[in-house]
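Under the working numbering, the sequence shown has 144 at position 151, and the numbering climbs by one with no breaks.
Using N, Cα and C, we set each Cβ at its ideal position, and we do this for glycine too.
For reference, the structure is listed below as structure tokens.
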Amino acid sequence: MKSFLLIVLLGISSISAAQNLLDLSGNWELALDSTDVGEKEGWYLKSFSDNISLPGTTDLARKGTSNRLVPKLEKPQLLRLTRKNAYVGVAWYKREINIPKSMAGQPLEFSFERVLWQSRLWIDGEEVAGAQESLIASHRFVMPKGLSAGKHIIALRIDNRKRYDISANDLAHAYTNDTQIMWNGVLGKMKLTARQKVSIQHVNVYPDVRNGKIRVAVTLENSGHKPEKVKLALQVGQPEGGQKFVEKEFQITLQEGRQKLEYDYSLGTDMKKWDEFTPELYNLSVVCRFDRKKTERKDVSFGMREIDNGQGILTVNGNRIFLRGTLECCIFPLTGTPPMTEEGWMKVFATAKEWGLNHLRFHSWCPPEAAFCVADKLGFYLQVELPNWSYTIGKDEAMTQFLYNEFDRIVEAYGNHPSFCMMSVGNELQYDFKLLNDMVRYMKGKDSRRLYTTSTFTFEKGHGAKPEPEDDFFVTQWTDKGWVRGQGIFDQEPPCFYKDYSAAMQDMNVPLISHEIGQYAVFPNLKEIEKYTGVLEPLNFKAVKQDLQKKGLYSKAEDFLEASGKLAVLLYKEEIERAMKTKQFSGFQLLDLHDFPGQGTALVGLLDAFWDSKGLIEASAFRQFCAPVVPLARFAKAVYSGDEMFSASIEVVNYSNAAIDNKQIMWQLADEAGTQISNGRLNVESISKGTVTQCGDIRAELKSVRKASKLYLTVSVEGTEWKNTWPVWVYPRIESLNVGDVLLTQDVEEALAALKQGRKVLFSPKMSYLKGLEGKFLPVFWSPVHFPRQAGTMGLLCNTQHAALRHFPTEMHSNWQWWNLVKRSKVLVVDSLPPVEPIVESIDNFTNNRKLVSVFETKCGKGKLIMSAMDILSEGSDKPEIQQMLYSLVTYMNSESFAPRTMLGEEDIRSLILKNEGKVIETKATSIYRGLD
């Protein structure tokens, strides 16, 4: 498209230098028609006293109903960010335009980019035929006979009320208040274009990478009343003075109406291909000449990219790729709307790239043109979805037709972008899979430039465990052979680092991508409140802050954030590495790298909703395990005795664009001070691209470790940036425990009797005798508001300075060495007790903010007590970390440092104990969602 110098005049449309385009942005009159009487009362003929600047929204203009909610830990404040001014209904926008003589009498097209649901247009009181409805494409109105020169009044009626039930509870991100808002207005370009007698309607480019050519499909329209002789010229070149190709010309006679023409255009064997490593772009100029001097021109950008799914793996231009992705759910908290400029999208994609990603999935929506342009330039593989998250798809014929139409509009508007690699009918769809397969079959027939799938996962009975017949790729949480994401495993199995998802991948004949992995909730960053300066109010964050202040916990908010966040980091690391270890895997989609502020305030990101880091891990450290090349280690467990041998199998994943030849694989096992326990190197002749290469096995004696230690296994590829690190814990075997004068007991009465006598007591009851919450290693799943029926804790907060943990090396947060201790525990709720000194706390979720402890010390009667809700005294407590915890606590209690400052009474202690032993009911979870909703 030609660029034009636009002069914006208040109240009068600006006119291009070529006198064939008017910019309609600027000041418009506004009237909100909440009772929908405007059409009946002829508002298109009236003047309005209010005004608004377009592009823009009623929210940005502070129109609509003002928010009256106050911060409170209740719905609806906790469901999402709150609109400061909300309006859903009909709104009228009106302004005057001035048609120059050069445009008079010519066919005209009004175009409004990104409008929610329906728009209608009146010119001088007469409606232009054809109401427009789309959530993703520009709304266009054509006036074949045009307008006379001079002033005219245009009235635009926009109705943002829901027209089709595209999702349950309005959660689909194309139309929701959970991420983007149900705004009313126009977001992007607003223009009036004079259409010539012969016009270029569409240009589509179909790359044929193998043969070094493109097929160009041009749709021309002859709006005259007789055949027209035209010359059509095609030229391909690279932007900014790059590679150019010879112009090709064709002469045709164009009949009245529309005609689709197809041409082959050779680029030769020296063409440049597009992928994540070399995102090379070309520009195709199509020029149509007629009536001697008249011309019509359209420029489109494209890349030489072919994506394939042969042998059940993803390839781009014949090279295997692995998708390292996250979701983009239209989360833009300042505007509540997606950016319409490349500048606005650059932070999203540049940040994702910095964190090692190459893929974004647009969950139940399609982004605007600007997003595709940035993805093209940075080399991202995009999955786009129809605006669809329906559990009843197929029951409403009108909605089904709307979805078909939206697909047609999506490929018409964005189909040339090489980043547009994959498409789904929608998210977690249910009901009619015959229809979904029919829709995918239609999509493939319409546009073969990408891969398609029926649904991005599903809970529909009888589906979701294996691909549908028409699926080109398969996004799922599990197959009929098992889980393919850690959420279903990490709280059920002791930590081990040799597993992958190969067993679940058996007989998989299309590429498999794991669905929405992660969803590990992180405590709110309350300093984020000040960033919400736009249309959305963080009443959820403010309510949490008020509650913490009221309960005297606000000083711990930053610790809660850091501890819960660093637990999420290590879980995301293991999630990603298991996916990468699986040789037939084609990728993963995180939920999420950044926060999701809706659906109950799902703060599951390592970045906040603004794509800013929370300081939980550096991007460079994240790229150690999320990058094209990643060293991997398979080893049996996280915790070892000092008389054991550490062994691991070393692999390197190479999804880069070249083999790694003649590089040694370096490894070392060292303590936190950097002192090496063992080291070595593995000779590997070549690590081929597109492979997971086994490099060899390593072994290390641990008997030199004389004290409880945290060690680090580091593996690196010599002479490169590629390295990775894992913690392991080593505890020298404790042959006998000298308890000194400390009583170890699981019985409350024995403990209280000893305390009366002034003794020191380590009281660690069986879990079944304790009142409290379930001990879980994993934090809250997704959101405690969206899924309220879960244990609701968010990991441990350890007092690393406390002498009781001197012999149990730990960070301030949960790590893998705590798994067996946490799973043998209850979490004590101590809100009703006098203050105690916690040694190990549990972090409560932000809807409750209770004081939770796992290990604490106190005085009681004449004695001194440590109570551990982690069972460290029962049979079966011979695991090294449990023995080490017992040793560390007892050693502390026998020292002069053991001097609790707080006091509890007997009844306080008894209040933590069940009168009758509780029943333990074993259940085998079949879904991470079981019992949550």
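Asked, Found
"Pro200 - DSSP class collapsed to helix/strand/coil", "strand"
"Boundaries of the beta strand (DSSP E) in which Pro624 is found, first to last residue", "622 to 627"
"Paired residues, beta bridge with Ser640 - DSSP", "Arg692"
"Inter-residue spacing [alpha-carbon to alpha-carbon] between His456 and Lys427", "11 Å"
"CA-to-CA distance, Trp85 to Arg76, given in whole angstroms", "21 Å"
"Gly580 and Gly303 closer than 8 Å at C-beta", "no"
"Per-residue burial, Thr385 [other beta carbons within 10 Å of its own, 16 or more giving buried]", "exposed"
"Reduced DSSP secondary structure (H/G/I, E/B, other) of Met392", "helix"
"First and last residue of the uninterrupted beta strand (DSSP E) at Gln657", "653 to 664"
"Range covered by the alpha helix (DSSP H) that runs through Lys437", "426 to 439"
"Assigned exposure category for Pro460 - 16 Cβ within 10 Å defines buried", "buried"
"Identity of the residues DSSP links to His352 by a beta bridge", "Gly318, Tyr374"
"Alpha carbon of Ser861 to alpha carbon of Ala663, nearest angstrom", "31 Å"
"Beta-carbon proximity of Phe373 to Ser412, cut-off 8 Å", "yes"
"Anticipated Cβ contact below 8 Å, Glu274 with Gln231, distance rounded", "Note on identity: in this sequence residue 274 is Leu, with Glu being the wrong assignment. Right, the Cβ-Cβ distance comes to about 7 Å (below 8 Å), so this counts as a contact."
"Asn533: first and last residue of the uninterrupted alpha helix (DSSP H) it sits in", "532 to 543"
"Extent of the continuous alpha helix (DSSP H) to which Val677 belongs", "Unbroken run through Val677 is the beta strand (DSSP E), 669 to 680; no alpha helix (DSSP H)."
"Cβ neighbours of Met501 in the same chain (closer than 6 Å, five flanking residues each side left out)", "Gly305"
"Beta strand (DSSP E) segment containing Asn717, residue limits", "716 to 724"
"Segment contact, 8 Å Cβ cut-off, at least three pairs: the stretch 650 to 657 with the stretch 596 to 610", "no"
"8 Å CB neighbourhood of Gln669 in its chain, flanking five on each side removed", "Gln661, Leu662, Ala663"
"Cβ-Cβ distance between Lys559 and Asn312 below 8 Å", "no"
"Separation of Trp267 from Tyr565, as counted between CA atoms", "30 Å"
"Assigned exposure category for Gln750 - 16 Cβ within 10 Å defines buried", "exposed"
"Element boundaries [beta strand (DSSP E), containing Pro380]", "From DSSP, Pro380 is part of no beta strand (DSSP E); its letter is neither H nor E."
"Span separating the alpha-carbon of Glu874 from that of Val367", "49 Å"
"Beta-bridge pairing of His410 - partner residues as DSSP gives them", "Its beta-bridge partners do not exist; DSSP assigns none."
"Span of the beta strand (DSSP E), counted from its first residue to its last, around Asn808", "Counting along the chain, Asn808 falls outside any beta strand (DSSP E), and DSSP gives it neither H nor E."
"Three-state secondary structure (DSSP) of Arg782", "coil"
"Residues of its chain near Glu335, where Cβ-Cβ distance is below 7 Å and the 5 sequence neighbours each way are ignored", "Ala363, Cys366, Val367"
"CB contact flag (Trp348, Ala595, <8 Å)", "no"
"Separation of Leu128 from Thr446, as counted between CA atoms", "21 Å"
"For Ala148: DSSP bridge partner residues", "Lys87, Trp115"
"Assigned secondary structure, Pro827 (DSSP; H/G/I helix, E/B strand, else coil)", "coil"
"Leu907 to Lys544 span [Cα, whole Å]", "26 Å"
"Assigned secondary structure, Ala368 (DSSP; H/G/I helix, E/B strand, else coil)", "helix"
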